[in-house]
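Protein chains in written order, with numbering that gives the first Met the number 0: chain A, 0 to 259; chain B, 0 to 332. Note that CB positions come from ideal geometry on N, CA and C, so glycine has one too.
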Amino acid sequence: MMDQQTHALRGEGIALSFGGIKVLKGLDVEFRAGEITGLIGPNGAGKTSLFNCLTGAYSPQEGTISYAGEPLNGLPPAARAAKGIVRSFQHVALCPDLTVRENVMMGIARNGTAGWFSAFLPLTKGIREREEMARAADAALADLGLPDVGDKFPGELPPGMQRLVEIARAVVGKPSVLMLDEPAAGLNNSETRDLTAVLRKLASTDLVMVVVEHDMDLVMSICDRIYVLNFGEFVAVGSPGEVRTNDDVVRIYLGSDDDE
Amino acid sequence: MSEAPVSDQATHMSPDRSAMARLSGSITPGVTAGILVAVLMFMPYLLGGSWTFTLGLCFANSIGVLAVSLLVRYGGEVSIGHTFFTALGAYSVGVLDTRYGISLWASVPLALCLGVTLGLLFAWPSRNLHGIYLAVTTLALALAVPEMINNFDALTGGYEGLYVATPFIPGASMGLQRYYVALAMLVIVCFAVARLRLSRQGMALLLAKTHPAAADAFGTRRVWARISIMGISGGIGALCGATLAFSGSTVSPGGFTFWQAIFLLVGSVVSFYGLSLPRVLIGGAFVTLVPQLLSSSGAWIPVFYGLALLGMILLGHYMPRIRKAMARKSETA
């Protein structure tokens, strides 16, 4: 079994500002392998900003980010992807011009070695590579319960399935860190239940999984540990049980849910 | 889905069939293209010499239309300066032919390499420009071309231009060569572009166009995407020029003006940015044939050209509805 502490995605003292507004205020985080970690907080708390710092979309002004002890600061998203750190997006980011299968294939396209000649000519290497990628994509789709949608285009699928396709694209390359940004956004109850089952199935001892989510039932049911963020600071960290009974959390987040 | 106008369908890179099925090459678009090529193969024997010559130019212009459409479809950008690349290809062929007696067998690959290289060189400094800003930058290229050609008149022949006379296949009829070489080039370029759609590079370019952040997150840098598509489009633009030089037999600055760049863009719009052989032929035909057909209209040429353009756009826009209405009518009959 992999060492949870060693193979962790860590951030220390992460600070991010936009035009003088402090979005993240010196955060220390540790997302461990083998755990599903939740990242929750009200709108504007800084969840997606922290996500973007960890995946390289944003460069924090202060702090260090590392995976398995290797510093990631300064690495662009593409380079982090090459290290197995992948993400899904708050708003579904599938390419409408590609089939579902091809969208999933993009999760492993970076591993391809067929060059430009294969891109324009019917060379064996390119054809074989595409077939292998297609097989891997079909397997990932089947694992997520979508065995028959490979030939469709994303626009032909309901939002719930599109979310699952995004997750399939993220997991097809067997990532070491999987970061899901609001995977249940826009899903109905039934689709959320399916998603919960899928995420449980994906969890493994060597995978760091981080889930940013507003759906408290989903977070509480699947996460081993939860970080609660508010105004760029952590107000609570702990197990679902600990977070659920934390007064600050109830006041700033869960409480406001009840009020609605 | 079926009610979407052609303009919407044009943004959808693949029709209703699977990409893997198309890889096998056994489906409708391939068959359609095959039938079209077969028909075009016989055209010189059905039409007169002048029409054969005009169709050769049409095929060459279709390649230019394809270069512009490719930039739109894979890069999300518009060029109004592709005559820079067509001039580059045309003068590569023209200069090597007239000055050094080198045939197309060598000058066309060189033109392709030069087009790709200049495309890459243009893309690097403009890599962060988008939309209207990039379009205006390409405009600068188009405006510079005639002056550059005239300033290098010792090499380019200045206003008089160059005459390309070396046959591609020695001994064969030059008139037929000018037609069939252009047709072959068009078919080869269309085939290569169809292959690109199935490649990981092509898919990455499409993802980078629609969701740059997602492409970045999965290993495709947007700078790579921008530079790559400019290089490819520039290379195809140069092939257009090389084909124009051979099929048109002369290369002169008048063929690479700013207006010619605009006409290539118009051809791209008329073909709804299509990349298939039938679509680019529509664009190429519009660029080549409409001005010829209107040549006797004197001062009314711009008006009729505008009306023809409007007619094509409206026809394309309403074609799906017209088809549907006709299908309904035939069902009820």
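Opening and closing residue of the beta strand (DSSP E) in which residue i lies
{"i": "A/LEU177", "result": "176 to 180"}
{"i": "A/THR36", "result": "35 to 39"}
{"i": "A/TYR226", "result": "224 to 229"}
Proximal chain B residues relative to residue i, where beta-carbon distance stays under 7 Å
{"i": "A/SER117", "result": "SER198"}
{"i": "A/LEU49", "result": "In chain order: nothing, as chain B lies at least about 15 Å away."}
Separation of residue j from residue i, as counted between CA atoms
{"i": "B/PHE255", "j": "A/GLY149", "result": "45 Å"}
{"i": "B/MET229", "j": "B/PRO124", "result": "12 Å"}
{"i": "A/ASP258", "j": "A/ARG250", "result": "Because the pLDDT at A/ASP258 is just 46, under 50, the model does not fix this residue reliably, and the value given afterwards should be weighed accordingly. Taking the straight line from one Cα to the other gives about 11 Å."}
{"i": "B/THR136", "j": "B/VAL71", "result": "15 Å"}
{"i": "B/ALA207", "j": "B/GLY75", "result": "9 Å"}
{"i": "B/ASN149", "j": "B/PHE83", "result": "14 Å"}
{"i": "A/GLU165", "j": "B/GLY55", "result": "46 Å"}
{"i": "A/GLU61", "j": "A/ALA7", "result": "20 Å"}
{"i": "B/LEU342", "j": "B/GLY114", "result": "The question about residue 342 of chain B has no answer here: the residues shown for chain B are numbered 0 through 332."}
{"i": "A/GLY73", "j": "B/ALA324", "result": "58 Å"}
{"i": "B/ILE187", "j": "B/PRO28", "result": "15 Å"}
{"i": "A/GLN89", "j": "A/ALA118", "result": "32 Å"}
{"i": "A/MET178", "j": "B/ILE321", "result": "47 Å"}
{"i": "B/VAL366", "j": "B/GLY234", "result": "An answer regarding residue 366 of chain B cannot be provided, because it is not within the stretch 0 to 332 covered by chain B."}
{"i": "A/LYS173", "j": "A/GLY83", "result": "8 Å"}
{"i": "A/ALA113", "j": "A/LEU143", "result": "28 Å"}
{"i": "B/ARG126", "j": "B/LEU65", "result": "21 Å"}
{"i": "B/TRP104", "j": "B/LEU45", "result": "29 Å"}
{"i": "B/PRO290", "j": "B/GLY305", "result": "11 Å"}
{"i": "A/PHE17", "j": "B/SER198", "result": "39 Å"}
C-beta atoms of residue i and residue j nearer than 9 Å
{"i": "B/MET40", "j": "B/TYR179", "result": "yes"}
{"i": "B/LEU109", "j": "B/ILE231", "result": "no"}
{"i": "A/GLU190", "j": "A/ARG162", "result": "yes"}
{"i": "B/ASP215", "j": "A/ALA32", "result": "no"}
{"i": "B/ALA260", "j": "B/HIS81", "result": "yes"}
{"i": "A/ALA138", "j": "A/VAL171", "result": "yes"}
{"i": "B/VAL302", "j": "B/PHE285", "result": "no"}
{"i": "A/LEU15", "j": "A/SER48", "result": "yes"}
{"i": "B/ALA89", "j": "B/ALA307", "result": "no"}
{"i": "A/ILE221", "j": "A/THR195", "result": "yes"}
{"i": "A/PRO146", "j": "A/LEU186", "result": "no"}
{"i": "B/THR51", "j": "B/ARG177", "result": "yes"}
Proximity to residue i [Cα-Cα], best of the options
{"i": "B/THR116", "options": "B/ALA284, B/ALA237, B/GLY130 and B/GLU76", "result": "B/ALA237"}
{"i": "A/PRO41", "options": "A/VAL211, A/PHE119, A/ASN245 and A/ALA167", "result": "A/VAL211"}
{"i": "A/GLU34", "options": "A/ARG134, A/GLY83, A/ARG199 and A/LYS24", "result": "A/ARG199"}
{"i": "B/LEU263", "options": "B/ILE79, B/GLY47 and B/LEU87", "result": "B/ILE79"}
{"i": "A/MET215", "options": "A/PRO157, A/GLU181 and A/ALA141", "result": "A/GLU181"}
{"i": "B/THR165", "options": "B/GLY156, B/SER246 and B/PRO145", "result": "B/SER246"}
{"i": "B/PRO169", "options": "B/SER102, B/THR97 and B/THR155", "result": "B/SER102"}
{"i": "B/LEU195", "options": "A/LEU206, A/LEU120 and A/GLY237", "result": "A/LEU120"}
{"i": "B/LEU185", "options": "B/SER296, B/ILE281 and B/ARG320", "result": "B/ILE281"}
{"i": "B/LEU204", "options": "A/GLY43, A/ARG109, A/PHE88 and A/LYS21", "result": "A/ARG109"}
{"i": "B/TYR73", "options": "B/ALA171, B/CYS239, B/ALA141 and B/ARG221", "result": "B/ARG221"}
{"i": "B/VAL279", "options": "B/GLU146, B/SER61, B/LEU175 and B/CYS239", "result": "B/SER61"}
{"i": "B/MET147", "options": "B/GLY283, B/SER251, B/GLN291 and B/ALA105", "result": "B/SER251"}
{"i": "B/TYR212", "options": "A/GLU29, A/THR36, A/PRO75 and A/ASP193", "result": "Contrary to the premise, residue 212 of chain B reads as Ala rather than Tyr in this sequence. Of the listed residues, the one whose Cα sits closest to B/ALA212 is A/PRO75."}
{"i": "B/LEU276", "options": "B/ILE300, B/PHE58 and B/ASP96", "result": "B/PHE58"}
{"i": "A/MET132", "options": "A/LEU97, A/LYS151, A/GLY111 and A/LEU156", "result": "A/GLY111"}
{"i": "A/ALA169", "options": "A/LEU140, A/VAL234, A/ASP205 and A/ALA67", "result": "A/LEU140"}
Terminal residues of the alpha helix (DSSP H) in which residue i lies
{"i": "B/TYR90", "result": "82 to 99"}
{"i": "A/ILE84", "result": "Here A/ILE84 belongs to no alpha helix (DSSP H); instead the beta strand (DSSP E) covers 84 to 86."}
{"i": "A/LEU15", "result": "Run containing A/LEU15: none in the alpha helix (DSSP H); it sits in the beta strand (DSSP E), 7 to 17."}
{"i": "B/GLU159", "result": "B/GLU159 -> no alpha helix (DSSP H), and no H or E assigned at all."}
{"i": "B/GLY282", "result": "276 to 292"}
{"i": "B/LEU363", "result": "Absent from the structure is residue 363 of chain B, since the part of chain B shown begins at 0 and ends at 332."}
{"i": "B/GLU76", "result": "Per DSSP, B/GLU76 belongs to no alpha helix (DSSP H) and is neither H nor E."}
{"i": "B/LEU314", "result": "300 to 331"}
Chain B contact residues for residue i, given Cβ-Cβ distances below 9 Å
{"i": "A/ALA113", "result": "SER198, ARG199 and GLN200"}
{"i": "A/PHE88", "result": "HIS210, ALA212, ALA213 and ALA216"}
{"i": "A/VAL248", "result": "None at all; the shortest Cβ gap to chain B is about 30 Å."}
{"i": "A/MET104", "result": "ARG199 and MET202"}
Chain-ordered chain C contacts of residue i [CB-CB under 7 Å]
{"i": "B/ARG126", "result": "Annotation note: the requested chain C is absent from the structure, which comprises protein chains A and B."}
Interface residues of chain A facing residue i [CB-CB closer than 7 Å]
{"i": "B/LEU120", "result": "The premise fails here: B/LEU120 is roughly 17 Å from chain A at the closest Cβ pair, so nothing lies under 7 Å."}
{"i": "B/HIS210", "result": "ALA92 and CYS94"}
{"i": "B/ARG225", "result": "The contacting residues do not exist; B/ARG225 stays about 14 Å from chain A at best."}
{"i": "B/ARG322", "result": "What B/ARG322 touches in chain A: nothing, since even the nearest Cβ is about 21 Å away."}
{"i": "B/ARG278", "result": "Neighbours of B/ARG278 on chain A: none; closest Cβ ~15 Å, over 7 Å."}
Cross-chain neighbours of residue i in chain B, by beta carbon under 8 Å
{"i": "A/THR204", "result": "Chain B residues near A/THR204: none, gap ~24 Å exceeds 8 Å."}
{"i": "A/GLU181", "result": "Ordered by position in chain B, no residue passes the 8 Å Cβ test against A/GLU181, which lies about 15 Å from the chain."}
{"i": "A/LEU120", "result": "ALA191 and ARG194"}
{"i": "A/THR54", "result": "ALA216"}
Closer than 8 Å at the beta carbon, the chain A residues around residue i
{"i": "B/LEU140", "result": "Result: empty, since nearest Cβ-Cβ is about 24 Å, beyond 8 Å."}
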